[in-house]
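Novice:
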């Protein structure tokens, strides 16, 4: 169960994961050892999954996000496993999902206009 200090630590890390252990401990009125033990417990319990750097996609020339619809006649688990393997090896693909229902396209450069696809 998370207490107020755990929640504060998580909030601080979400805002800036580069904070030092000392800065985190000071912010929650702990010394570094109990603060470290809390962080370790949060990691061991699978609550704190990692600490990452957020990059600016525009400055990296990656400002375009595309959602691509792929229709298939194949729905076997073998086909899906092969698809997952191939797509997972593409570094430019950040994620993929199975979807159901209608699809709408939003073009951010046109002020959020939606078009039926």
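Numbering (the numbering used here), first residue to last: 16 to 132.
Each residue gets a CB set at the ideal place from its N, CA and C atoms; glycine is no exception.
Note that this is a predicted model, so its numbers are computed, not measured.
Between residue 33 and residue 65, what straight-line distance do the alpha-carbon atoms span, to the nearest angstrom?
Specialist: For the purposes of this step, residue 33 is identified with residue 18 of the chain shown, where counting begins at 1. For the purposes of this step, residue 65 is identified with residue 50 of the chain shown, where counting begins at 1. If I take the Cα positions, the gap works out to 12 Å.
Novice: Taking the runs of the alpha helix (DSSP H) that are 4 residues or longer, which of them lie wholly in the segment 43-90?
Specialist: Counting only runs of 4 or more, we get 47-59.
Novice: Can you give me the start and stop residues for the alpha helix (DSSP H) that residue 92 sits inside?
Specialist: Position 77 of the chain shown, counting from 1, holds the residue named residue 92. Its alpha helix (DSSP H) spans residues 92-103.
Novice: Cutting at 8 Å between CB atoms, please list the residues of its own chain near residue 37, excluding the five before and the five after it.
Specialist: Along the chain shown, read from residue 1 onward, the residue named residue 37 stands at position 22. Correct list, in chain order: 47.
Novice: Taking only three categories from DSSP, how would you classify residue 31?
Specialist: Here the question's residue 31 lines up with position 16 in the chain shown. It is coil, neither helix nor strand.
Novice: Considering Cα atoms alone, identify which of 110, 18, 28 and 71 is closest to residue 83.
Specialist: Looking up residue 83 in the chain shown gives position 68. Of the candidates 110, 18, 28 and 71, the one whose C-alpha sits nearest the C-alpha of residue 83 is 110.
Novice: Less than 8 Å separating the beta-carbons of residue 40 and residue 27?
Specialist: Residue mapping note: residue 40 aligns to position 25 of the chain shown, counting from 1. Residue mapping note: residue 27 aligns to position 12 of the chain shown, counting from 1. No. Outside cutoff.
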